[in-house]
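Take a look at the structure set out below.
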Amino acid sequence: EWPATGCGNLLAKKVDDQLMSDLSGFAEGKEPPDLPIMEDVVRLYKKALDTDARTEAGMKPLYPLLRKIKSITTVKEFNENILDLFYARAEFPLTLDVSEDWKNTSRYALWIWDPGLLLPDTSYYEKPLAKAYMLFLLKRMARGLVMHSELTRQEQRQYIRDTIAFDDLLRRNALSNSDWANYYQLYHPMPAEEVYRLSGDLDLKGLFEKLYGDGAPKTFAVANPRFLKSFKDIFNEKNFPLFIHWCYLRTVYNYAYAQDLSPELYAISSQYIDNLMGIKAMPPIEKQAYRLLFHMFDQPIGVYYGRKYFGEAARADVTSMVEKIIETYKERVRKNDFLAEETKEKAILKLSSIKIRMGYPDSYDPMFDTLKVKEDDSYFEAVQSIRVKKLKHKFGRLNEPANRGEWTLPGHMVEAHYDKSKNAVTFPAAILQKPFYSVDQKIEENLSGIGTIIGHEISHAFDNNGAHFDENGNLFDWWKEEDFKKFEELTKGMIEQFDGIPFHGGKVNGKLVVSENVADAGGM
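For the sequence shown, my numbering assigns the number 65 to the initial residue and increments by one for each residue that follows.
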């Protein structure tokens, strides 16, 4: 069930067990939840546990969408149905998202990213043995899924072949993991007309006019211009049969792996990734249902968990610890012997501007209160209603001011995070307990646990990516040029220190791990 173990995993299991016990108690009527929205959470939990109904339904709830996709035989027909397919979460040949504009994080931007690939990284396509093994696993999983569809055996084989062929077109100009390692380089503002010209036969202009009317974006944030410039050679009438079969199979996989269908289909869809990660067993249905809710109602569950299991004394204590570590960081910057005073002042300003998010937020996004789960809805209907509302909420906020107070992590997640776009550190309630922290532990024990994690997250503000963002979270070169050259030399040294180390049958790529290694060293 787990690909690895450690303090964090064991603590996450403890938190999971606590919340699963609470959910079971609510479902059995032992006690009412103190947050009204938890009643909808419990209703969905019960539906998820009704494995008889979900198994009987199988893939049938998805048949109308799959029939629609299969019936589309031309680019023109796809564009005519583009809005309905978008809201139905059919797989598109581009990934669209709304999040902060990196150059001005007080507003949102409409981002265009590469679509997902079948293999974990572009480098695997150049490794014959690894590629063959992964495609073997992938085809085995795909066969298991499509046998539950309405495709004939011959169609099943053809759809799998065409999916692999279309994926081969996508991967040629896709971003590699090495590209992602320097993600600050992935911001490329592009005028809407240029995006529409490069997207060729795909009617993005029509989609966004239907979504936004006169408020359609004038500029997009494009992560990979190289891919977009090659897009006409990928999505066109000639390749459309490959694309629509890829769309069909990717949509089946997405719904199955998101747990929108039966437990059996979820298990089949998990085989590929589980095999790659060495996971040997599926979690019990209770944990599967809990994990669905963990993400679907993340903010309300986080607030519930924080209120029940996290004390104000701990919140105040760890907040004070963060403030002291930031002050220590400032003092270290002041004593730095290779930075110019101007750069030091900017670094100290960034440290002084860090927002501290401790434990859990006082409230959650009101959007969650609109996610009603009706008693007479099927499991599939309830899940789809929630997913569509969340999708509309995300894309509906494009022309609104960015929510600078939004938390990146819920209170029940055993994790910590530095948000470069908000210049904020988040420490959820779930991680603020033994062995990382306790009000009963000595300060030395807490500093060696949560203290190093705090230092780690603060250090991300100055790693190879965070260093390119200013005190407001905007992408801006605030360093003096000669200072940044020295910083790059030190970063190169960190890359070389870890590059090539043997690990689990492979070798460490220093470029891929440099940001985490910088943060680890800073945390210590």
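No residue lacks a Cβ here, since even glycine has one placed at the ideal position from N, Cα and C.
In this text, all values refer to a predicted model and were calculated from it rather than measured experimentally.
Count the other C-beta atoms from every protein chain shown that fall within 10 angstroms of the C-beta of Glu214, then say buried if there are 16 or more, exposed otherwise.
Burial call: exposed.
Taking only three categories from DSSP, how would you classify Lys419?
Three-state result, Lys419: strand.
Report yes if the C-beta distance between Pro184 and Gln363 is below 8 Å; otherwise report no.
Against a cut-off of 8 Å, the Cβ pair of Gln363 and Pro184 comes out as no contact.
Taking Cβ positions only, does His524 come closer than 8 Å to chain B?
Here chain B cannot be found, since the structure has a single protein chain.
Specify, as a first and last residue, the run of the alpha helix (DSSP H) that Trp310 falls within.
From DSSP, the alpha helix (DSSP H) with Trp310 extends over 304 to 321.
In three-state terms, what does DSSP make of Lys77?
Of the three classes helix, strand and coil, the one that applies to Lys77 here is helix, per DSSP.
Would you decide whether Lys486 is buried or exposed? Buried here means 16 or more other CB atoms lie within 10 Å of its CB.
That one is buried.
Cα separation between Asp338 and Ile224?
For Asp338 and Ile224, the distance between alpha carbons rounds to 20 Å.
Do Asp584 and Asn573 have their CB atoms nearer than 8 Å?
For Asp584 and Asn573, no; Cβs fall outside 8 Å.
Could you tell me whether the stretch 345 to 357 touches the stretch 315 to 328, where touching means 3 or more Cβ pairs closer than 8 Å?
In short, these stretches touch, since the Cβ pair count reaches three.
When burial is assigned at 16 or more other CB atoms within 10 Å of the CB, is Pro253 buried or exposed?
The residue in question, Pro253, is exposed, as its Cβ has fewer than 16 Cβ neighbours within 10 Å.
Alpha helix (DSSP H) containing Val489: first to last residue?
That residue, Val489, is in no alpha helix (DSSP H); its beta strand (DSSP E) goes 488 to 492.
Do Arg451 and Arg153 have their beta-carbon atoms positioned less than 8 Å apart in this structure?
Going by C-beta atoms, Arg153 is nearer than 8 Å to Arg451.
Would Leu496 and Phe374 be called neighbours here (beta carbons separated by less than 8 Å)?
Result yes, Cβ atoms of Leu496 and Phe374 sit closer than 8 Å.
Out of curiosity, what's the CA-to-CA distance linking Met102 and Leu74?
So the two alpha carbons sit approximately 26 Å from each other.
Would you list the one or two residues that DSSP bridges to Glu164?
DSSP, once it has assigned bridges, lists Tyr172 as partnering Glu164.
Do you know offhand how far Val577's Cα is from Thr216's?
Taking the straight line from one Cα to the other gives about 45 Å.
What is the DSSP secondary structure of Gly570, reduced to helix, strand or coil?
Strand, per DSSP.
Nearest to Leu209 by alpha carbon, out of Tyr336, Asp114, His457?
Among Tyr336, Asp114, His457, the Cα nearest to that of Leu209 is on Tyr336.
Across which residues does DSSP place Phe533 in a beta bridge pair?
DSSP output for Phe533 lists Leu539 as bridge partner(s).
Taking buried to mean at least 16 other C-beta atoms within 10 Å of its own C-beta, is Ala446 buried or exposed?
By the 10 Å Cβ count, Ala446 comes out buried.
Tell me which residue opens and which closes the beta strand (DSSP E) that Val286 is part of.
Segment 283 to 286, the beta strand (DSSP E) holding Val286.
DSSP beta-bridge partners for Met431?
Paired residue(s): none; Met431 is not in a bridge.
Note down the Cα distance separating Tyr248 from Ile517, rounded to an integer number of angstroms.
If you take the alpha carbons of Tyr248 and Ile517, they lie about 23 Å apart.
Pull the bridge partners of Thr159 from the DSSP assignment, please.
Paired residue(s): Trp177.
Under 8 Å between the Cβ atoms of Val582 and Ser523?
Going by C-beta atoms, Val582 is nearer than 8 Å to Ser523.
Assuming Ala404 and Asp547 make a contact with CB atoms under 8 Å, what is their CB distance in whole Å?
That pair is a contact at about 6 Å.
To which residues does DSSP link Asp483 through a beta bridge?
Ala488, per the DSSP bridge assignment.
Taking only the alpha-carbon atoms, compute the straight-line gap between Pro179 and Thr69 and give it to the nearest angstrom.
Rounded to the nearest angstrom, the two C-alpha atoms are 31 Å apart.
Taking His252 as part of the beta strand (DSSP E), name the residues at either end of that continuous run.
Run containing His252: 252 to 255, per the beta strand (DSSP E) assignment.
Can you look up Pro465 in the DSSP assignment and give me helix, strand or coil?
Note: Pro465 maps to strand in three-state DSSP.
Would Leu435 pass as a contact of Asp104 if the rule is Cβ separation under 8 Å?
Result yes, Cβ atoms of Leu435 and Asp104 sit closer than 8 Å.
Just to confirm the assignment, what range does the alpha helix (DSSP H) spanning Leu215 have?
Careful: Leu215 lies outside any alpha helix (DSSP H) and carries neither H nor E.
Between which two residues does the alpha helix (DSSP H) carrying Ser334 extend?
Here the alpha helix (DSSP H) through Ser334 covers 327 to 341.
Take the Cβ of Leu554 as the centre, count every other Cβ of all protein chains shown within 10 Å, and call the residue buried at 16 or more, exposed below.
Label assigned to Leu554: exposed.
Using a Cβ-Cβ cutoff of less than 6 Å, which residues in the same chain neighbour Pro97 once the five nearest sequence positions on both sides are dropped?
Contacts found: Phe90.
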